[in-house]
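The structure appears right after this line, and notes come after that.
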Ligand SMILES: Cc1cc2nc3c(=O)[nH]c(=O)nc-3n(C[C@H](O)[C@H](O)[C@H](O)COP(=O)(O)OP(=O)(O)OC[C@H]3O[C@@H](n4cnc5c(N)ncnc54)[C@H](O)[C@@H]3O)c2cc1C
């Protein structure tokens, strides 16, 4: 176990006004370091990768105040890997492989994240999903999918005929024969989720080291030595939550359990005028390659069409392709013809960490004081809190003394969702602080006050894209054409 203090030698990022005033004893904030040498004394646990999985684990381990924890991230901000570019669905797990680890962790994680979102202010809309059959073969598959949902302990799904389906989704294309209604499927903000986990972890003492790539792993003086581009980092236990690169790190520790094949998903984002065209998440009948192309509303009031599923070699290939986008348009035209008349405001692509296995690759190696959290492919956002709890159990079973448990102080995140009041809609907030009434980004209605708060938060953004994920500034139809210069000026001002 570590003792508090002895955390010197780094250039700390300024954090202002992060915590509300209270008379209760305050946990000590961890450091957020973007550069400089790393602390020389060993951590109890180092987590490699600050995606939704690494941050969820950091938050869960932060409940044990005697542990000294480092979250180590190669990029300049949290959540910049697969976690920033997904379809943002809080799954029920109705279609998971029954009996698999993924099925259990998605089921448990969905409940946990829904409760956490309500407590924290992460926007979630329980719009429900319709799994639509477009031919007789797919129609015949629906009862099997309903039975599979039951085996996954999801009992609320219901078969629906073509008439009811078209009543529920009046803009649906012709030819749909029926659907399986899965009312528990929701849409969620993936950016706020990762930020909430990381914020709560840092406020309870976790050190977040950014721009810090783990290049090699070895041993020195009875602890594990991580060689990083920012110098050495010592730790007693190591957790590999490196997403697409989890296989590389696993091999560096002598294992040959899985190979990550990046499976690209390209998506189209339609403007807010399209939002009224769709009420549910519209899913196809899944195939061996995955869940298929969906049409779904977003919590920001847009409509998504995608993702593709392309197995690639390049773990950096997050570009989009003409073929990929044309394929999506063709599928979208069949599902919701009116959607294709609407304007597209953004195109993006994310990479799933697919492996040769059908399940997550979460393995403890107690002899090495090491846990791998690999192969978290297309459900990791949903399962994140349950994965974190599972890994914490593996660490304890493997010999890590967790020490006493503390309740975490709740965090309250800024609301980015359209279904809940935004600051510009709250007269009492504007009366108390007029900065919330001064709009900077008019497309997304983001106020100066929200930008100021994000720039002064526990984990401030490292760039304008990070600011967009924290506020929605520059995410609207003009893509920053009108507000870009002001947003940049506010960002630059906060850095000086
Ligand atoms: C197109 C698409 C759609 C999806 N849709 C959904 C959905 O609707 N619902 C859902 O629940 N899930 C969905 N997912 C899955 C979900 O996004 C992922 O399971 C989840 O984001 C994985 O998180 P992670 O933390 O494991 O990986 P990442 O977010 O990739 O994080 C890993 C981090 O490790 C860092 N790293 C790697 N190597 C090193 C190193 N050597 N040193 C330091 N840092 C390192 C990386 O920089 C990265 O930040 C989707 C995924 C995609 C791509």
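In the working numbering, the protein residues as written are 4 to 499.
Glycine included, every Cβ here is placed at the ideal spot set by N, Cα and C.
- In the displayed model, residue 83 falls within coil according to three-state DSSP, outside both helix and strand.
- For ligand 1, no non-hydrogen atom lies closer than 7 Å to the CB of residue 237.
- Along the length of the segment 355 to 423, whole beta strand (DSSP E) runs at least 3 residues long occupy 364 to 368, 373 to 377, reported in chain order.
- Set against 7 Å, the gap from the CB of residue 448 to the closest heavy atom of ligand 1 is not smaller.
- Inter-residue distance for residue 236 and residue 189 is about 40 Å (C-alpha atoms, whole angstroms).
- When secondary structure is reduced to three states using DSSP, residue 193 falls in the helix class.
- Judged by the Cβ position, residue 486 fails to qualify as a neighbour of ligand 1 at the 7 Å threshold, every heavy atom of the ligand being at least this far.
- For residue 237, the beta-bridge partners assigned by DSSP are 228.
- Segment contact: the segment 341 to 361 against the segment 217 to 236, fewer than three CB-CB distances shorter than 8 Å; contact not assigned.
- Annotation: residue 221 to residue 473 spans about 37 Å, alpha carbon to alpha carbon.
- The continuous beta strand (DSSP E) containing residue 46 extends over residues 46 to 51.
- In the DSSP assignment, residue 264 falls within the beta strand (DSSP E) that extends over 264 to 273.
- The residues 388, 389, in chain order, have a CB closer than 7 Å to that of residue 115 in the same chain once the five nearest residues on each side in sequence are set aside.
- Distances taken from the Cβ of residue 199 to the heavy atoms of ligand 1 include none shorter than 7 Å.
- For residue 365, the CB contacts under 6 Å within the same chain, skipping 5 residues up- and downstream, are 376 in chain order.
- Residue 217 places its beta carbon less than 8 Å from that of residue 75.
- If you draw a 10 Å sphere on the C-beta of residue 203, you find 16 or more other C-beta atoms in it, and that means buried.
- DSSP lists no beta-bridge partner residue for residue 34.
- In the assembly as shown, residue 110 is a buried residue. Its beta-carbon has 16 or more other beta-carbons within 10 Å.
- Here residue 250 is buried: its Cβ has 16 or more other Cβ atoms, across all protein chains shown, within 10 Å.
- Burial is judged here by how many other beta carbons sit within 10 angstroms of a residue's own beta carbon; residue 495 has fewer than 16 and is exposed.
- Nearest to residue 393 by C-alpha distance, out of 354, 239, 63, is 63.
- Close CB contacts of residue 270 within its chain, under the 6 Å cut and outside five residues either way in sequence, are with 307, 309, 310, 351 (chain order).
- Per DSSP, reduced to three states, the secondary structure at residue 314 is strand.
- In the three-state scheme derived from DSSP, where H, G and I count as helix and E and B as strand, residue 130 is classed as coil.
- If the five residues before and after residue 481 are omitted, its C-beta is found closer than 6 Å to the C-beta atoms of 446, all from its own chain and listed in chain order.
- In terms of side-chain proximity, the C-beta atom of residue 256 is found no nearer than 7 Å to any non-hydrogen atom of ligand 1.
- In the three-state reduction of the DSSP assignment, residue 452 falls in the helix class.
- With distances taken between CA atoms, residue 373 lies nearest to 239 out of 315, 239, 416, 245.
- In terms of CA proximity to residue 134, 296 leads the group 37, 296, 369.
- Residue 260 carries a coil assignment under DSSP once its states are collapsed to helix, strand and coil.
- For residue 218, the enclosing beta strand (DSSP E) begins and ends at 217 to 223.
- Inter-segment contact for the segment 281 to 291 and the segment 128 to 143 is present: three or more beta-carbon pairs are separated by less than 8 Å.
- The continuous alpha helix (DSSP H) containing residue 168 extends over residues 165 to 171.
- With a cutoff of 8 Å on beta-carbon distance, residue 181 and residue 163 are scored as near each other.
- Within the DSSP bridge table, the entry for residue 306 names 273, 300 as partners.
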